[in-house]
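So the protein lines, in turn, are chains A and B. Residue numbers for the first sequence follow the numbering used here, so the first one is 1 and each next one is one higher. Residue numbers for the second sequence follow the numbering used here, so the first one is 1 and each next one is one higher. No residue lacks a Cβ here, since even glycine has one placed at the ideal position from N, Cα and C. Before any comments, here is the structure.
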Amino acid sequence: MEKRVTFKGLWLPLLLVLPQIVITAVFFFYPAGQAIWQSLFIPDPFGLSMKYVGLGNFEYLLGNPYYRASFVTTAVFSILVTVVSMGIALYLAVLADRLIKGSGVYRTLLIWPYAVAPAVAGVLWLFMFNTRVGVVSWYLGLLGYDWNHVLNGEEAMGLVVVASAWGRISYNFLFFLAGLQAIPKSVIEAAAIDGARFWTRFRTIVFPLLSPTTFFLLVVNIVYAFFETFGVIHTITSGGPQQSTTILVYKVYADGFVGQDLGSSAAQSVILLVIVGLLTIVQFKFIERRVHY
Amino acid sequence: MELKHLLWGSATAVLVGAPVAAQTQVEFWHAFTGRLGELVAAQVETFNSSQSDYVVEATHKGNYSETLNAGIAAFRAGEQPDILMVFEVGTATMMAAKGAIKPVYEVMADSGADFDADAYIGAVKGYYTTSEGEMLSLPFNSSTPVLWVNRDALTEAGIDPDTDMSTWEQVGEVLDQLKESGSECPMTTAWQSWIHLENLSAYHDTPFATKANGFGGVDTELALNGDVQVAHIQAMGDWAKEGKFIYAGRRNEGGANFRSGDCALFTESSAGYAGIKAEAKFDFEVRPLPYWASAVDAPQNTIIGGASLWVMAGQSDEEYKGVAEFLNFLSSAEVQAQWHQDTGYLPITSAAADLTREQGFYEENPGTDVAVKQMTTNAPTENSKGLRLGSFDQIRGIIDEELEAVWSGDKDAKTALDSAKQRGDELLRRFEQANR
Numbered sequence: 001m002e003k004r005v006t007f008k009g010l011w012l013p014l015l016l017v018l019p020q021i022v023i024t025a026v027f028f029f030y031p032a033g034q035a036i037w038q039s040l041f042i043p044d045p046f047g048l049s050m051k052y053v054g055l056g057n058f059e060y061l062l063g064n065p066y067y068r069a070s071f072v073t074t075a076v077f078s079i080l081v082t083v084v085s086m087g088i089a090l091y092l093a094v095l096a097d098r099l100i101k102g103s104g105v106y107r108t109l110l111i112w113p114y115a116v117a118p119a120v121a122g123v124l125w126l127f128m129f130n131t132r133v134g135v136v137s138w139y140l141g142l143l144g145y146d147w148n149h150v151l152n153g154e155e156a157m158g159l160v161v162v163a164s165a166w167g168r169i170s171y172n173f174l175f176f177l178a179g180l181q182a183i184p185k186s187v188i189e190a191a192a193i194d195g196a197r198f199w200t201r202f203r204t205i206v207f208p209l210l211s212p213t214t215f216f217l218l219v220v221n222i223v224y225a226f227f228e229t230f231g232v233i234h235t236i237t238s239g240g241p242q243q244s245t246t247i248l249v250y251k252v253y254a255d256g257f258v259g260q261d262l263g264s265s266a267a268q269s270v271i272l273l274v275i276v277g278l279l280t281i282v283q284f285k286f287i288e289r290r291v292h293y
Numbered sequence: 001m002e003l004k005h006l007l008w009g010s011a012t013a014v015l016v017g018a019p020v021a022a023q024t025q026v027e028f029w030h031a032f033t034g035r036l037g038e039l040v041a042a043q044v045e046t047f048n049s050s051q052s053d054y055v056v057e058a059t060h061k062g063n064y065s066e067t068l069n070a071g072i073a074a075f076r077a078g079e080q081p082d083i084l085m086v087f088e089v090g091t092a093t094m095m096a097a098k099g100a101i102k103p104v105y106e107v108m109a110d111s112g113a114d115f116d117a118d119a120y121i122g123a124v125k126g127y128y129t130t131s132e133g134e135m136l137s138l139p140f141n142s143s144t145p146v147l148w149v150n151r152d153a154l155t156e157a158g159i160d161p162d163t164d165m166s167t168w169e170q171v172g173e174v175l176d177q178l179k180e181s182g183s184e185c186p187m188t189t190a191w192q193s194w195i196h197l198e199n200l201s202a203y204h205d206t207p208f209a210t211k212a213n214g215f216g217g218v219d220t221e222l223a224l225n226g227d228v229q230v231a232h233i234q235a236m237g238d239w240a241k242e243g244k245f246i247y248a249g250r251r252n253e254g255g256a257n258f259r260s261g262d263c264a265l266f267t268e269s270s271a272g273y274a275g276i277k278a279e280a281k282f283d284f285e286v287r288p289l290p291y292w293a294s295a296v297d298a299p300q301n302t303i304i305g306g307a308s309l310w311v312m313a314g315q316s317d318e319e320y321k322g323v324a325e326f327l328n329f330l331s332s333a334e335v336q337a338q339w340h341q342d343t344g345y346l347p348i349t350s351a352a353a354d355l356t357r358e359q360g361f362y363e364e365n366p367g368t369d370v371a372v373k374q375m376t377t378n379a380p381t382e383n384s385k386g387l388r389l390g391s392f393d394q395i396r397g398i399i400d401e402e403l404e405a406v407w408s409g410d411k412d413a414k415t416a417l418d419s420a421k422q423r424g425d426e427l428l429r430r431f432e433q434a435n436r
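This is the structure in structure tokens:
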């Protein structure tokens, strides 16, 4: 029988959760409410006048083929960043988990990239792939490959994905390693005695037992790819060439802070809010069912 | 600690003999760093020490876009500075914000300062004045695009470095020769929309937008898909395909390629002078921006890029007096001539240009007057006065995207420019809605 502590009355529990509620209201509900309110207007930048347009901003956005194309770009970008960063992190974590000596050093070194801010990471990768002075593009040139992410959209996408995923590998690695070390050795040993090879053990025992970690990282990484990769895109491509790397959140910035079109920018934030809400629901409804805690 | 500060403060006040509290503070937000930042600081310092009634406090607020956003955010919070530097493409945004700004001509008239708007070079003044000739913001740093030439690269390719490159037809021939001789980068550019569409249009006396490039009202539409523009962009696109024009990026990334000696020709602002002079280890030269002889007999004038100073609304009369004094100081011939010679920006008053000539600067630094001549030879027409388009920073982004499609060969010039017009017009309609 579970033991539960229950509070009698209403006031004490309310008082105890009040700080959390206040913080959520002030920092989350209020700005979100503001965004929803502003998305119904076309204001001038200085806030001197606001023109009510109802759902006009949404109509304008969703009727715009370039905005709709940005959804596809965002999906491609987020999936690539998530898969690349989680895949490599899992691979490294499995290797590190098998280390007997020196795993501490290995771990510490692998965490370093996480300390690099996205914008700085962007500049680092940009330097390596700079079409004129970049080390990597120079070697590619020797191999006969003409690297030009300034004009080639696919190369630009590849570059921002790598730059965004790079710092993220450290973070994912830490969680995967912790997850792996939490798996009881006895289970794996039992399987080994039964004759299961490494790959079979990984597929049938390790990976399923790792699923809560994987699920958590999936949610966190998708949110990261959606919102926090702004700095990388801004420093490397500014959304170009053409619109090949203009993800939704970059467009919010471009319309709001370059174009001073606050109505459209607010409407885009609302759309993003809805998308992330839907994604989270999907993840918890469908994927979490298959997770073994 | 605080007491020490107080004592020290009062001691200096006594020593200097100026009652600090009686001075009116004038806040000035600008977008300059590095060498330009130092030069602005020096101007402010000179002004502050030249009189005792006002103290100008200059603050750097990031790049042009960031400075404008800082000003807008501050205005919304009621904390706006007295003077805000706004780049030329933000002009329509500022003009439309009638309650947020105080036009410069009013500031000058109210304070009784002796101010003559006609002292400014026409092509500079035109960008920042109303159709009635009232000056709304004070021109500060203005430049115009020119053709930078690496003379050594031409010689190496067996081309006479003095060869005539007044027209794009002639430039095309030079590019052919450069390519044949194995040049990796015959030509590159900075600021493609500004140089190859906005200035191209003005230079060929062709509209970039209807309603006199937007001066006539916010119901303007882009006209950048005309014959001259399409022909030019198509020629550039062909050069890109043949490896004669190398695209380096949307801003001035191409500058590095030219300064390192990789590229032979470079279309860039006249204000690139300071950087090129400091870094280039080859013989370089400034030429006027080429024109298409097939389109016009002689070019009109080019238009400016850069920034102007806007006076924000909601300050005290006393502060506006200080603002007027400071702006008058900035536009004096001595200050302007010095600025022009230090930076490569244009001398924005005729007096400053004359003074620079008298001082012998142009003889010592040949080519530095090319931009001045290019701007002033002809009186500006409706098509070459400047641009006044809302959301223009963002429209430039759209133009960049469409031009990239041409350079990569995805679209032909006509399709790309038609698309740029259509997408840009949508933004102009939204701006019109917000500012009716």
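Indicate whether at least one CB of chain B lies closer than 8 Å to the CB of A:A254.
Taking a beta-carbon distance threshold of 8 Å, A:A254 counts as an interface residue toward chain B.
> Quick one: is the Cβ of B:S408 within less than 7 Å of any heavy atom of the ligand SAM?
Replying inline: You won't find the ligand SAM in this model; it holds no ligand whatsoever.
Report the three-state DSSP secondary structure of B:A420 (helix, strand or coil). B:A420 falls in the helix class under three-state DSSP.
* **Unbroken alpha helix (DSSP H) run spanning B:I85, endpoints** => The question names Ile, but residue 85 of chain B is Met in the sequence shown. Unbroken run through B:M85 is the beta strand (DSSP E), 83-87; no alpha helix (DSSP H).
CB of B:M165 within 8 Å of CB of B:R287, strictly: When the beta-carbon positions are compared, B:M165 and B:R287 come within less than 8 Å of each other.
| Mind pulling the chain B residues with CB within less than 8 Å of A:D146? | Within chain B, no residue comes near A:D146; the closest Cβ sits about 10 Å away, beyond 8 Å.
* List the residues of chain A whose Cβ lies closer than 8 Å to the Cβ of B:L448, in chain order. => In this structure chain B extends from 1 to 436, so residue 448 of chain B is not present and cannot be described.
I'd like to check one pair, B:S201 with B:A371: are the Cβ atoms closer than 8 Å?
Their beta carbons are not under 8 Å apart, which means B:A371 does not touch B:S201 by this criterion.
Check: Considering B:R396, what are the terminal residues of the alpha helix (DSSP H) in which it resides?
Finding: Its alpha helix (DSSP H) spans residues 392-407.
Let me see if you follow: with CB-CB separation under 8 Å, is B:G122 close to chain A or not? Not closer than 8 Å to any Cβ of chain A, the Cβ of B:G122 fails to qualify, so no.
Using CA coordinates, which residue listed in B:E106, B:W29, B:E88 is at the minimum distance from B:I72? For B:I72, the nearest C-alpha among the options comes from B:W29.
Own chain, CB closer than 7 Å to A:I36, minus 5 neighbours either side, in chain order: Excluding positions up to five away in sequence, the list reads V270.
Report yes or no: is there a C-beta of chain D within less than 8 Å of the C-beta of B:F266? Absent from the structure: chain D. Protein chains present are A and B.
task: Tell me, please, whether the CB atom of A:M1 is closer than 8 Å to any CB atom in chain B?
output: Residue placement at A:M1 cannot be trusted, given a pLDDT of 48 that sits under 50; what the coordinates show is reported in the next sentence. A:M1 is outside the set of residues whose beta carbon lies under 8 Å from a beta carbon in chain B.
> Under 8 Å, do B:A31 and B:M85 count as touching if we go by C-beta distance?
Replying inline: For B:A31 and B:M85, yes; Cβs fall inside 8 Å.
Review point. Are there 16 or more other CB atoms within 10 angstroms of the CB of B:N383, so buried, or fewer, so exposed?
Key: With 16 or more other Cβ atoms within 10 Å, it is buried.
I'd like the span of the beta strand (DSSP E) that includes B:H232, first residue to last. Counting along the chain, B:H232 sits inside no beta strand (DSSP E); it lies in the alpha helix (DSSP H) bounded by residues 227-241.
In its own chain, which residues sit with a C-beta less than 8 Å from the C-beta of B:D412, not counting the 5 before and 5 after it?
Closer than 8 Å at Cβ, skipping near neighbours: Q234, G237, V406.
Helix, strand or coil for B:Y291 per DSSP? Three-state result, B:Y291: strand.
Mapping DSSP to helix, strand and coil, what is A:P65? Assignment of A:P65 by DSSP, reduced to helix, strand and coil, places it in the helix class.
- prompt: Which partner residues does B:H60 have in the DSSP bridge list?
  reply: Listed as beta-bridge partners of B:H60 by DSSP are B:H30.
- Based on the DSSP output, what are the partners of B:P139 in its beta bridges? For B:P139, the beta-bridge partners assigned by DSSP are B:S308.
Exercise. Under 7 Å Cβ-Cβ, which residues of chain B neighbour A:K285?
Worked result: Those within 7 Å of A:K285 in chain B number zero; the least Cβ separation is about 38 Å.
I'd like to know whether the C-beta of A:S265 is nearer than 8 Å to at least one C-beta of chain B.
No, because no Cβ of chain B sits closer than 8 Å to the Cβ of A:S265.
At least one CB of chain A closer than 8 Å to the CB of B:N225: is that the case? Judged by the 8 Å Cβ criterion, B:N225 is not in contact with chain A.
Please list, in chain order, all residues of the same chain as B:R423 whose beta carbon is under 7 Å from its beta carbon, the five residues on each side excluded.
Within its own chain, the residues whose Cβ lies closer than 7 Å to the Cβ of B:R423, once the five positions on either side in sequence are excluded, are I398, listed in chain order.
Let me confirm a value: A:Q20 is counted as buried when at least 16 other C-beta atoms fall within 10 Å, else exposed. Which label applies?
Taking every protein chain shown into account, the CB of A:Q20 has fewer than 16 other CB atoms within 10 angstroms, so this residue is exposed.
I need the straight-line Cα distance from A:P31 to A:G63, nearest angstrom please. Distance between the alpha carbons of A:P31 and A:G63 is about 26 Å.
Interface partners of B:I72 on chain A, CB under 9 Å
Within 9 Å Cβ-Cβ: P45, F46, G47, Q260.
>> Residues of chain A with CB closer than 7 Å to the CB of B:F75, please, in chain order.
In response: F46, listed in chain order.
Mind checking which residues open and close the beta strand (DSSP E) that includes B:F266? Bounds of the beta strand (DSSP E) holding B:F266 are 263-269.
Between the stretch 237-250 of chain A and chain B, which residues of the former have CB atoms less than 7 Å from a CB of the latter, in chain order?
Residues passing the 7 Å Cβ filter: S238, G240, P241, Q242, Q243.
task = Can you grab the Cα-Cα spacing for the pair B:Q359 / B:T349, in whole Å?
result = The alpha-carbon atoms of B:Q359 and B:T349 are separated by roughly 16 Å.
- Query: Quick one: Cα of A:R197 to Cα of A:K185, how far?
  - Reply: A straight line joining the alpha-carbon of A:R197 with that of A:K185 spans about 15 Å.
| query | Under a Cβ-count criterion, where at least 16 other Cβ atoms within 10 Å of its own Cβ denotes burial, should A:L95 be classed as buried or exposed? | reply | By the neighbour-count rule (16 or more Cβ atoms within 10 Å), A:L95 is not buried but exposed.
**Message:** Do A:S164 and A:I111 count as a contact pair if the criterion is CB distance below 8 Å?
**Reply:** No, these two residues do not count as a Cβ contact at 8 Å.
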